[in-house]
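Remarks on the structure that follows.
Numbering (the numbering used here), first residue to last: -5 to 104.
Right, dumping it as structure tokens:
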């Protein structure tokens, strides 16, 4: 019984602080970041684009299911945790977009 209450609370608390770190703002949980406005903008653009990519994956998945366009060769492959797959897509795309925007908005012109 205690685990059913403790685990969601701790996960929620961790997510609360991770959002502040990922977006670069101190509005979440009072996390004091030393990010300047450029760094905050880069982090916010990266997180928005990673979510947009995830939404595109959801839309493509819906269209394939709606029109029954699934590949029969993959019918025997089952994901035990499909949410974990989408989580990895969001995390990896965040860091890719962060890297792209950091290079684009760098002050050295490269």
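Quick reminder that beta carbons are idealized off the backbone N, C-alpha and C, glycines included.
Taking C-beta separations shorter than 8 angstroms and ignoring five residues to either side along the sequence, the partners of residue 51 in its chain run 80 and 83, following chain order.
Three or more beta-carbon pairs separated by less than 8 angstroms link the segment 89 to 96 to the segment 32 to 48, which places the two stretches in contact. Remark: C-beta atoms of residue 75 and residue 36 do not approach each other more closely than 8 angstroms. Taking every protein chain shown into account, the CB of residue 85 has fewer than 16 other CB atoms within 10 angstroms, so this residue is exposed. Using a 10 angstroms sphere on the CB of residue 12, the tally of other CB atoms stays under 16, which defines it as exposed. If one requires a minimum length of 4 residues, the alpha helix (DSSP H) runs lying completely within the segment 35 to 98 are 76 to 98, in chain order. CA-CA distance, residue 7 to residue 0, rounds to 10 angstroms.
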